[in-house]
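Read top to bottom, the protein sequences are chains A and B.
Here the first sequence is numbered in this note's numbering, starting from 1 and rising by one per residue.
Here the second sequence is numbered in this note's numbering, starting from 1001 and rising by one per residue.
What follows is a single structure, written as structure tokens, with notes after it.
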Amino acid sequence: GAGVSQSPSNKVTEKGKDVELRCDPISGHTALYWYRQRLGQGLEFLIYFQGNSAPDKSGLPSDRFSAERTGESVSTLTIQRTQQEDSAVYLCATGYEAFFGQGTRLTVV
Amino acid sequence: TQLLEQSPQFLSIQEGENLTVYCNSSSVFSSLQWYRQEPGEGPVLLVTVVTGGEVKKLKRLTFQFGDARKDSSLHITAAQPGDTGLYLCAGADSGAGSYQLTFGKGTKLSVIP
């Protein structure tokens, strides 16, 4: 596609449920980032994929968070047993100059 | 871990005023990007600077990369309400070919009509 596409755009979930967020990258972009942005805050790095290299998972806040990506394809970010503090906008960016999607606004109630 | 510090954190100015925001690090970056983010949107890339001492202009915005490639500044001339937003800098470290980006926390700019 022409840009980075994220889905869903909004997600409301109950505390304790699992959620899966999806990022469709710009075709050909080998670099892919996931960031978290709490209301009124800057970007918090979560994970970085670079082609087939081992991802940099150093930003994942707990073992409830995981992400997958195969090659240059779609990436999914999974949050298990969601907590209220997980409420935030989750942003995906692809390419070395980081073109961002619109984000997924996650609300845990 | 490379850190980027942005200052000021918040800035509120009147329309027509000039302003400068800063992005500083103790680390050297291979390139540095500036983004603007408006409420409800993802950050949008404004410019990439790659050469120490480089100056780039984008209409009323002037971006400068420090000689040592550790810092950068963004100067806005005659600010307008449409400039309101969160300005983020991000440094790229091409060491080991990773090109991983490190983001600062951002400067939240409000331009009052």
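All C-beta atoms, glycine included, are put in the ideal place defined by N, C-alpha and C.
LEU91 of chain A versus chain B: which residues are under 7 Å apart at the beta carbon? Locating residue 91 of chain A in the first sequence gives position 91, counting from the first residue. Near LEU91 of chain A (Cβ distances below 7 Å), the residues of chain B are GLY1042.
Beta carbon proximity, ALA88 of chain A to chain B, threshold 8 Å: Along the first sequence, read from residue 1 onward, the residue named residue 88 of chain A stands at position 88. Cβ-Cβ to chain B under 8 Å: no for ALA88 of chain A.
Output, in chain order, the set of chain A residues within a Cβ distance shorter than 8 Å of LEU1088 of chain B. Residue 1088 of chain B sits at position 88 when you count from the first residue of the second sequence. Residues of chain A passing the Cβ test: GLY42 and LEU43.
Can you check which of these residues, B:VAL1055, B:ILE1076 and B:PHE1065, is closest to LEU1011 of chain B by C-alpha distance? Your numbering for residue 1011 of chain B matches position 11 in the second sequence. That would be B:ILE1076, whose Cα lies nearest to the Cα of LEU1011 of chain B.
Verify the CB distance criterion: does GLY28 of chain A have a CB-CB separation below 8 Å to chain B? Counted from its first residue, the first sequence places residue 28 of chain A at position 28. The beta carbon of GLY28 of chain A does not come within 8 Å of any beta carbon belonging to chain B, so the residue lies off that interface.
Can you give me the start and stop residues for the beta strand (DSSP E) that LYS57 of chain A sits inside? Here residue 57 of chain A corresponds to residue number 57 of the first sequence, with the count starting at 1. Here LYS57 of chain A belongs to no beta strand (DSSP E), and DSSP marks it neither H nor E.
For GLN1037 of chain B, the residue or residues it bridges with in DSSP: The residue you call residue 1037 of chain B lines up with position 37 of the second sequence. Under DSSP, the beta-bridge partners assigned to GLN1037 of chain B are B:LEU1086.
Start-to-end residues for the beta strand (DSSP E) that takes in ALA67 of chain A: As a working note, residue 67 of chain A is residue 67 in the first sequence. Looking at the DSSP string, the run of the beta strand (DSSP E) that includes ALA67 of chain A is 65-69.
Please compile the residues from chain B whose C-beta is within a distance smaller than 7 Å of the C-beta of PHE99 of chain A. Taking the first sequence and counting its residues from 1, one reaches residue 99 of chain A at position 99. Within 7 Å Cβ-Cβ: LEU1045.
In whole angstroms, what is the alpha-carbon distance linking GLY1042 of chain B and SER87 of chain A? In the second sequence, the residue the question calls residue 1042 of chain B occupies position 42. In the first sequence, the residue the question calls residue 87 of chain A occupies position 87. The alpha-carbon separation between GLY1042 of chain B and SER87 of chain A amounts to approximately 17 Å.
If the criterion is Cβ atoms closer than 8 Å, does the pair LEU32 of chain A and PHE45 of chain A meet it? Numbered from its first residue, the first sequence carries residue 32 of chain A at position 32. Numbered from its first residue, the first sequence carries residue 45 of chain A at position 45. The answer is no: Cβ separation not under 8 Å.
C-beta contact flag for CYS1089 of chain B and SER1110 of chain B at 8 Å: For this step, residue 1089 of chain B is matched to residue 89 along the second sequence. For this step, residue 1110 of chain B is matched to residue 110 along the second sequence. With respect to the 8 Å criterion, CYS1089 of chain B and SER1110 of chain B are not classified as neighbours on the basis of their beta carbons.
Please report the distance separating the alpha-carbon of LEU1058 of chain B from that of ALA1079 of chain B. To locate residue 1058 of chain B, count along the second sequence from 1; it is residue 58. To locate residue 1079 of chain B, count along the second sequence from 1; it is residue 79. Rounded to the nearest angstrom, the two C-alpha atoms are 13 Å apart.
THR78 of chain A: which of A:ALA98, A:LEU39, A:GLY95 and A:TRP34 sits nearest, CA to CA? Locating residue 78 of chain A in the first sequence gives position 78, counting from the first residue. The residue with the shortest Cα to Cα distance from THR78 of chain A is A:TRP34.
Could I get the ranges of all uninterrupted beta strand (DSSP E) runs contained in the stretch 77-101 of chain A, with 3 residues as the minimum, in chain order? Complete beta strand (DSSP E) runs here, min 3: 88-94.
The beta strand (DSSP E) enclosing GLN1009 of chain B, as first and last residue numbers: Position 9 of the second sequence, counted from the start, is the residue given in the question as residue 1009 of chain B. Taken as a continuous stretch (DSSP letters only), GLN1009 of chain B belongs to no beta strand (DSSP E), as it is neither H nor E.
Cβ-Cβ distance between GLU1005 of chain B and GLY1106 of chain B below 8 Å: As a working mapping, residue 1005 of chain B is identified with position 5 in the second sequence. As a working mapping, residue 1106 of chain B is identified with position 106 in the second sequence. GLY1106 of chain B is positioned such that its CB atom lies no closer than 8 Å to that of GLU1005 of chain B.
Looking at the secondary structure, which residues open and close the beta strand (DSSP E) in which GLU20 of chain A lies? Numbered from its first residue, the first sequence carries residue 20 of chain A at position 20. Taken as a continuous stretch (DSSP letters only), the beta strand (DSSP E) holding GLU20 of chain A covers 19-24.
Using C-beta distances below 7 Å, list every residue in its chain close to PHE1065 of chain B, excluding the 5 sequence neighbours before and after it, in chain order. In the second sequence, residue 1065 of chain B corresponds to position 65, counting from 1. Closer than 7 Å at the Cβ level, and outside the excluded window around PHE1065 of chain B, lie LEU1032, VAL1049, THR1051, GLY1052, GLY1053, GLU1054 and SER1072.
List, in order along the chain, the chain A residues whose C-beta lies closer than 7 Å to that of LYS1105 of chain B? For the purposes of this step, residue 1105 of chain B is taken as the residue at position 105 of the second sequence. From the beta-carbon of LYS1105 of chain B, the residues of chain A found nearer than 7 Å are GLY42.
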